[in-house]
Amino acid sequence: MSAPPATPAKTPHSTPRFGVRVALVALALAACAPLVRPAPFAGARDQVTDATLVGPFDGQVVDESTGEPVDRATVVGIWSYDRGDGFIGPYGSESYETETDAAGRYRIPPAELAIRGSTVRLVAFTLVIYKRGYVGYRSESTLEGEPRTDFTVRHNKIGLRKWRESDSHADHLDYLAAPRVIQRLASWEADLANLDLYRELGGDAPEAAKADKTAAIPDVKKAGGDGWLDASDLLSPDEIRQRTRTQTRFVVGELTDLERTSFYHGVHFKAKDKGEPHDIAVRVWQAPPGGMGPVIDTIETTMVGAEKGDEITELTWTLEAEGVYAVAFVDQAAQAGLILTCGDMECADLATALVLARELHRNLDRLGSAPVGSKMNVVDDDPASAPPATIDDDDEEDGT
């Protein structure tokens, strides 16, 4: 009788416990990732590109009236979360900050989804944009309180409206409900907002709100009157050539970074057939509401790193930057403030820019009024017809 066949030996193998553990951990982490609600933006489901609260988000910011790109506008994206099963409440937020580039474009990457939990949900995304001189932007509503219906996740085009004299700083700050970075940028509006609220209650501007940072406001006639401030006669092309010892001809037009008002005018001397290093810009404020405090804030914010001195008035700022010289001053008695920027191919040095700034200070009585909506009419004659340069004693001290 033959013996029964031997049972084949089993091949030993190990149970993949480690792999199981890794899979379980990954599953647990995935379970804790927040749920994402559908994007509530108008037309989100009709977009060809993926529309989700997670992102990414991109678009372009332009001037509403001119269509020109708005560069260096602060852009903040905010993702909001809630949590709960039955009883639901807010559960934090995360944000991303950037600036628009020279073409006015911005890009916000997808949310990190760093806030996690078994009942956590990503429920909203809000885009906030701020640029001084413009009304701010929120993706879910307008300044007037109307729901916004034109926001898109990708290729979003945003038109910012220039600030108007009739706009309320109080309403603006309330509308922005700004994240911390924009709170810092908009902090200069706080005093003006308080003044707006005080006036709404029927009060005159209190002295503390009217007062400049260094002196009380004198009783000065508002040059702009009921129209627009006109600074086009403050400095002529001939006077520029006399002071800079150049033969540059200019196309004289408006600066568009701030809206022209009864107390502000920006004049651009654009060099003909030459590059930007030959350009000159003059920004003038006269008798602004709320006093000169906001003007001083604007100067100090614009001219970061400037040196303070008394070359023109007791409040004078000078700055040498790459490709440009800048001088600013505030004249308390005239209730006027001014920023001059001069390209380094037109102004040979800071001393030359100071000479131009002194000329502007002497000419403050030329400030006038123009009808709202009117266009500047400055004709630059052939520089060969310009009179010979005349230098006064003050300018000789600067060696120009």
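First residue of the sequence shown? That's 167 in our numbering, and the numbers climb one at a time after it.
Note that the Cβ used here is the ideal one computed from N, Cα and C, for glycine as well.
This structure is a prediction, so every number in the text was calculated from the model and none was measured.
Within 7 Å, strictly: CB atoms of residue i and residue j
| i | j | result |
| --- | --- | --- |
| I295 | A336 | no |
| V289 | S246 | yes |
| E263 | V242 | yes |
| S305 | F317 | yes |
| T414 | A437 | yes |
| V301 | L309 | yes |
| G509 | V521 | no |
| D546 | P443 | no |
| M469 | A453 | no |
| T507 | A447 | yes |
| R407 | G432 | no |
| F291 | L395 | no |
| A500 | G393 | no |
| L485 | A502 | no |
Per DSSP, cross-strand counterpart(s) of residue i
| i | result |
| --- | --- |
| L293 | G243 |
| P235 | V228 |
| P313 | S307 |
| E442 | DSSP lists no partner for E442. |
| S398 | In the DSSP output, where bridge partners are listed per residue, S398 has none listed. |
| S259 | S246 |
Cut-off 6 Å between Cβ atoms - residues of its own chain near residue i, not counting five sequence neighbours on either side
| i | result |
| --- | --- |
| D362 | S334, H335, A336 |
| G325 | V228, E230 |
| P372 | Confidence is the limiting factor: at P372 the pLDDT is only 46, short of 50, which leaves the residue's position unreliable and the question unanswerable from this model. |
| M542 | S398 |
| P256 | D248 |
Contacting residues, own chain, Cβ-Cβ under 8 Å from residue i (five flanking each side not counted)
| i | result |
| --- | --- |
| D357 | A375, G456, G459, P460 |
| H527 | I478, T479, F495, D497, L504 |
| E331 | T427, S428, F429, P455 |
| A280 | E260 |
| R327 | E230, S231, Y300, V301 |
| L190 | In this prediction, L190 scores a pLDDT of 44, lower than 50, which makes its location untrustworthy; no coordinate-derived value is stated. |
Residue i versus residue j - alpha carbon distance
| i | j | result |
| --- | --- | --- |
| L424 | S259 | 33 Å |
| G159 | Y430 | This structure gives no information on residue 159, because the portion of the chain shown stretches from 167 to 566. |
| K474 | E278 | 44 Å |
| G233 | T422 | 11 Å |
| I383 | W451 | Here I383 scores only 47 on pLDDT, less than 50, and its place in the model should not be relied on; the value that follows carries that caveat. If you take the alpha carbons of I383 and W451, they lie about 14 Å apart. |
| G225 | N322 | 4 Å |
| P276 | G441 | 40 Å |
| I254 | G283 | 13 Å |
| V188 | R346 | Confidence at V188 is low in this model, with a pLDDT of 46, below 50, so its placement is unreliable and the value that follows should be read with caution. When rounded, the distance between both Cα atoms is 40 Å. |
| A196 | Y341 | In this prediction, A196 has a pLDDT of 47, which is less than 50 and means its spatial position is unreliable; what the coordinates show is noted afterwards. Roughly 37 Å between the two C-alpha positions. |
Start and end residues, alpha helix (DSSP H) containing residue i
| i | result |
| --- | --- |
| R350 | 346 to 351 |
| H338 | 335 to 342 |
| D404 | 403 to 410 |
| R528 | 516 to 528 |
Own chain partners of residue i with C-beta closer than 7 Å, once the 5 adjacent residues on each side are dropped
| i | result |
| --- | --- |
| S237 | The sequence given here places Asp at residue 237; Ser does not occur at that position. So the qualifying residues of the chain are T266, D267, A268, G270. |
| N529 | L400, L401 |
| E355 | H335, H338, L339 |
| R532 | D399, L400 |
For residue i, the first and last residue of its enclosing beta strand (DSSP E)
| i | result |
| --- | --- |
| H434 | 430 to 437 |
| T482 | 481 to 487 |
| L504 | 502 to 509 |
| L421 | Segment: none, L421 is in no beta strand (DSSP E) and carries neither H nor E. |
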